[in-house]
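*Asks:*
Protein chains: 2
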Amino acid sequence: MIEKHLMKLRIRDAISAEEEAALAAAAGDVVRYAADQTFVTAGQELGNSTLLLEGLICRYKDLSDGQRQITALHVPGDFPDLHSFTLKYLDHNIMALTPCTVVQFPHARLQSITEQHPHLTRMLWFMTNLDAAIHREWEVSLGRRSALERTAHLLCELHVRLSVVGLASDREYALPITQTDLAECLGLTSVHVNRVLKDLRERGLVEFRGGKVVIGDLAELRRAGEFDPAYLYLERRPR
Amino acid sequence: MIEKHLMKLRIRDAISAEEEAALAAAAGDVVRYAADQTFVTAGQELGNSTLLLEGLICRYKDLSDGQRQITALHVPGDFPDLHSFTLKYLDHNIMALTPCTVVQFPHARLQSITEQHPHLTRMLWFMTNLDAAIHREWEVSLGRRSALERTAHLLCELHVRLSVVGLASDREYALPITQTDLAECLGLTSVHVNRVLKDLRERGLVEFRGGKVVIGDLAELRRAGEFDPAYLYLERRPR
DNA sequence: CGTCGCTTTGACACCTCTCAAGGGGGGTGG
DNA sequence: CCACCCCCCTTGAGAGGTGTCAAAGCGACG
Numbered sequence: 001m002i003e004k005h006l007m008k009l010r011i012r013d014a015i016s017a018e019e020e021a022a023l024a025a026a027a028g029d030v031v032r033y034a035a036d037q038t039f040v041t042a043g044q045e046l047g048n049s050t051l052l053l054e055g056l057i058c059r060y061k062d063l064s065d066g067q068r069q070i071t072a073l074h075v076p077g078d079f080p081d082l083h084s085f086t087l088k089y090l091d092h093n094i095m096a097l098t099p100c101t102v103v104q105f106p107h108a109r110l111q112s113i114t115e116q117h118p119h120l121t122r123m124l125w126f127m128t129n130l131d132a133a134i135h136r137e138w139e140v141s142l143g144r145r146s147a148l149e150r151t152a153h154l155l156c157e158l159h160v161r162l163s164v165v166g167l168a169s170d171r172e173y174a175l176p177i178t179q180t181d182l183a184e185c186l187g188l189t190s191v192h193v194n195r196v197l198k199d200l201r202e203r204g205l206v207e208f209r210g211g212k213v214v215i216g217d218l219a220e221l222r223r224a225g226e227f228d229p230a231y232l233y234l235e236r237r238p239r
Numbered sequence: 001m002i003e004k005h006l007m008k009l010r011i012r013d014a015i016s017a018e019e020e021a022a023l024a025a026a027a028g029d030v031v032r033y034a035a036d037q038t039f040v041t042a043g044q045e046l047g048n049s050t051l052l053l054e055g056l057i058c059r060y061k062d063l064s065d066g067q068r069q070i071t072a073l074h075v076p077g078d079f080p081d082l083h084s085f086t087l088k089y090l091d092h093n094i095m096a097l098t099p100c101t102v103v104q105f106p107h108a109r110l111q112s113i114t115e116q117h118p119h120l121t122r123m124l125w126f127m128t129n130l131d132a133a134i135h136r137e138w139e140v141s142l143g144r145r146s147a148l149e150r151t152a153h154l155l156c157e158l159h160v161r162l163s164v165v166g167l168a169s170d171r172e173y174a175l176p177i178t179q180t181d182l183a184e185c186l187g188l189t190s191v192h193v194n195r196v197l198k199d200l201r202e203r204g205l206v207e208f209r210g211g212k213v214v215i216g217d218l219a220e221l222r223r224a225g226e227f228d229p230a231y232l233y234l235e236r237r238p239r
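Protein chains in written order, with our numbering: chain A, 1 to 239; chain B, 1 to 239.
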């Protein structure tokens with residue numbers, strides 16, 4: 001069940017048959033979540049980490065005035081709360097943005113992996129470090145890029161990340177979330193996201209409509225967002 | 001040499017004598033960096049990770065138009081590039097903000113730790129996950145908080161983090177960086193940071209002057225920044 | 001005592017937010 | 001099968017927070 005989701009790891013390093021078996025053995029229950037279901041709450045003690053098989057997941061924090069910031073978006077093959085293995089409880093909530101299928105990995109079994117499979121452990125550690133790299137790029141977007149740049153950048157990032165797991169073609173991918181969800185990723189209001197999307201569409205760069213992203217001009221879209229995928233660590237060595 | 005810097009880890013979990021010895025044995029050269037010295041460049045292959053003993057370090061990314069975003073600030077006891085152990089090269093630069101003393105940990109020795117000390121490995125993994133938690137809180141600040149809230153929040157965060165390593169009293173701590181550095185953390189211009197600091201000072205909340213932060217009213221400062229230290233994982237269990 | 005980097009302040013511009021209203025599409029119940 | 005409703009998208013007008021540009025003050029250091 002998890003075989004095809006190891007693709008993401010294999011890009012970066014070899015996984016032995018033994019390691020693959022150990023991971024498969026660590027897998028626990030398969031669970032489904034409904035759209036908009038918050039299945040991990042900040043502060044809650046956790047005994048499992050979750051591998052996303054199907055659907056989209058976000059991690060978010062709410063502010064006292066009702067504002068929300070989404071701090072991460074997850075696509076199939078991601079481990080949205082692998083970090084809860086060492087943290088024990090989280091500082092944020094986790095929600096399914098669409099109906100999702102996940103596999104749970106009991107922390108006790110992950111602990112066995114750390115005791116018996118150091119190389120696999122380092123690969124899991126790598127995955128949480130990759131998540132942090134994406135956080136950093138989002139910090140740059142939120143801190144320094146304009147609304148248009150930020151939006152273009154995020155659409156480029158998702159294009160790459162979904163391509164890696166075979167869920168995007170050269171020109172399009174499914175993104176069945178609302179403009180409000182996007183706004184909460186981008187630190188903008190949904191009203192403004194709407195205007196930015198209109199602008200991107202009218203310039204022929206990209207169209208987001210009906211839960212689908214259609215890229216009109218990938219080179220221009222990347223330029224508009226100053227997108228450089230280096231931070232996604234798709235290369236084993238720096239260029 | 002590293003004993004007192006393990007404080008940060010001991011808050012969260014017990015370190016055995018054997019683990020402490022293993023860590024000490026992994027320590028390599030002690031190195032000094034001058035203020036403003038960038039000692040790790042994005043894309044550079046790395047063979048060491050760095051434990052900060054003295055001084056302040058930042059991690060940052062530059063944009064093509066000359067803007068800069070600082071994505072993390074590090075205080076003594078932090079491991080600013082521990083993640084390079086699994087990533088091999090980094091997506092960002094690392095710079096000393098003040099004169100610094102660090103100890104380098106060769107990745108080969110860290111790899112031995114992952115092979116012989118699973119519990120210690122999990123604690124190191126925890127440290128990188130804590131960095132990611134701080135990244136997330138910064139995303140919230142950058143995305144959703146006003147300039148004043150953001151600034152107050154950062155000053156509160158540093159107060160807590162420096163207190164943990166004995167470098168802050170109840171009311172003050174040294175922060176020998178410029179307003180421009182602060183602005184680059186906060187996603188603001190230095191001109192605006194200056195106005196915000198004036199506002200905070202006139203309200204009696206906090207004063208930042210001459211490289212020193214003096215807190216006038218901690219409770220009010222925390223309220224102004226909506227600061228909740230939960231994301232710093234100072235408690236082993238959720239409240 | 002001059003220089004240089006950092007801080008401070010003012011005036012004005014502009015990006016994004018707020019508030020408000022209307023449009024469209026899909027699901028549900030009568 | 002139709003009508004209604006709700007959620008989401010779209011658009012406009014005006015407000016406000018932060019950026020830009022510019023200049024002067026200040027302090028450390030040589």
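No residue lacks a Cβ here, since even glycine has one placed at the ideal position from N, Cα and C. Only a predicted model underlies this, so the values are computations on that prediction, with no experimental measurement involved.
(1) Taking C-beta to C-beta, are arginine 59 (chain B) and threonine 71 (chain B) nearer than 8 angstroms?
(2) Straight-line CA distance for glycine 204 (chain A) to alanine 152 (chain B)?
(3) Using a C-beta cutoff of 8 angstroms, does asparagine 93 (chain A) count as contacting chain B?
(4) Got a sec, what are the start and stop residues for the alpha helix (DSSP H) serine 49 (chain A) sits in?
(5) Report the residue from B:Phe85, B:Lys8, B:Asp81, B:Glu3 whose alpha carbon sits nearest the alpha carbon of valine 160 (chain B).
(6) So what's lysine 4 (chain B) in DSSP terms, helix, strand or just coil?
(7) Decide if the segment 27-35 of chain B is in contact with the segment 114-125 of chain B; the criterion is three or more beta carbon pairs, one per stretch, under 8 angstroms apart.
(8) Could you compute how far the alpha carbon of valine 154 (chain B) sits from the alpha carbon of leucine 110 (chain A)?
(9) Classify alanine 174 (chain B) as helix, strand or coil using the three-state DSSP reduction.
(10) Would DSSP call proline 99 (chain B) helix, strand or coil?
(11) Which first and last residues belong to the beta strand (DSSP E) in which glutamate 207 (chain B) is found?
(12) Using the beta-carbon count (16 or more within 10 Å), is glutamine 104 (chain A) buried or exposed?
(13) For leucine 148 (chain B), report the span of its alpha helix (DSSP H) as first-last.
(14) Skipping 5 residues on each side, what residues in its chain have a beta carbon closer than 8 angstroms to that of aspartate 181 (chain A)?
(15) Which of the three DSSP states, helix, strand or coil, is assigned to threonine 180 (chain B)?
(16) What does the Cβ neighbour count give for arginine 145 (chain B), buried or exposed, with the cut at 16 atoms within 10 Å?
(17) Counting only runs that start and end within the segment 10-40 of chain B, where is the beta strand (DSSP E) found for 3 or more residues in a row?
(18) Does any residue of chain B bring its CB to less than 8 angstroms from the CB of glycine 43 (chain A)?
(19) Where does arginine 136 (chain A) land, buried or exposed, given buried means 16+ other C-beta within 10 angstroms?
(20) 8 angstroms is my cut-off, CB to CB: does histidine 192 (chain B) come that close to chain A?
(21) Using a Cβ-Cβ cut-off of 7 angstroms (strictly less than) and excluding sequence neighbours within five positions of aspartate 91 (chain B), which residues of its own chain qualify?
(22) Pull the bridge partners of glycine 213 (chain B) from the DSSP assignment, please.
(23) Do aspartate 81 (chain B) and leucine 46 (chain B) have their C-beta atoms closer together than 8 angstroms?
(24) Following the continuous beta strand (DSSP E) through glutamine 69 (chain A), name the residue where it begins and the one where it ends.
(25) With a threshold of 8 angstroms between beta carbons, is glutamate 139 (chain A) in contact with chain B?
(26) Cβ of proline 229 (chain A) less than 8 angstroms from any chain B Cβ?
(27) Please report the Cβ distance between threonine 86 (chain B) and asparagine 129 (chain A), rounded to the nearest whole angstrom; I am assuming they are in contact, meaning their Cβ atoms lie under 8 angstroms.
(28) So, is the C-beta of histidine 135 (chain B) closer than 8 angstroms to a C-beta in chain A?
(29) Would you check if the distance between the CB atom of valine 196 (chain B) and the CB atom of alanine 230 (chain B) is smaller than 8 angstroms?
(30) Considering just the uninterrupted stretch of the beta strand (DSSP E) at arginine 59 (chain B), what are its terminal residues?
(31) Quick one: is arginine 68 (chain A) buried, meaning 16 or more other Cβ sit within 10 Å of its Cβ, or exposed?
(32) Arginine 209 (chain A) to leucine 200 (chain A), Cα distance in whole Å?
(33) Take asparagine 93 (chain A) as the anchor and find which of A:Glu184, A:Thr38, A:Trp125 has the nearest alpha-carbon.
(34) Out of curiosity, what's the CA-to-CA distance linking aspartate 78 (chain A) and arginine 10 (chain A)?
(35) At which residues does the alpha helix (DSSP H) containing lysine 88 (chain B) begin and terminate?
(36) Which same chain residues end up closer than 6 angstroms to histidine 5 (chain B) when comparing Cβ atoms and leaving out the 5 residues on each side of it in sequence?
*Replies:* The answer reads as follows:
(1) yes
(2) 41 angstroms
(3) no
(4) Unbroken run through serine 49 (chain A) is the beta strand (DSSP E), 48-54; no alpha helix (DSSP H).
(5) B:Lys8
(6) helix
(7) no
(8) Per the sequence presented here, residue 154 (chain B) reads as leucine, with valine not at that position. The alpha-carbon atoms of leucine 154 (chain B) and leucine 110 (chain A) are separated by roughly 34 angstroms.
(9) strand
(10) coil
(11) 206-209
(12) buried
(13) 147-164
(14) Cys58, Ile70, Leu97
(15) helix
(16) buried
(17) 30-33, 38-40
(18) yes
(19) buried
(20) no
(21) Ala42
(22) Going by the sequence as given, residue 213 (chain B) is valine instead of glycine. Answer is B:Tyr173, B:Phe208, bridged to valine 213 (chain B).
(23) yes
(24) 68-74
(25) yes
(26) no
(27) 5 angstroms
(28) yes
(29) no
(30) 57-62
(31) buried
(32) 12 angstroms
(33) A:Thr38
(34) 13 angstroms
(35) Segment: none, lysine 88 (chain B) is in no alpha helix (DSSP H) and carries neither H nor E.
(36) Gly77
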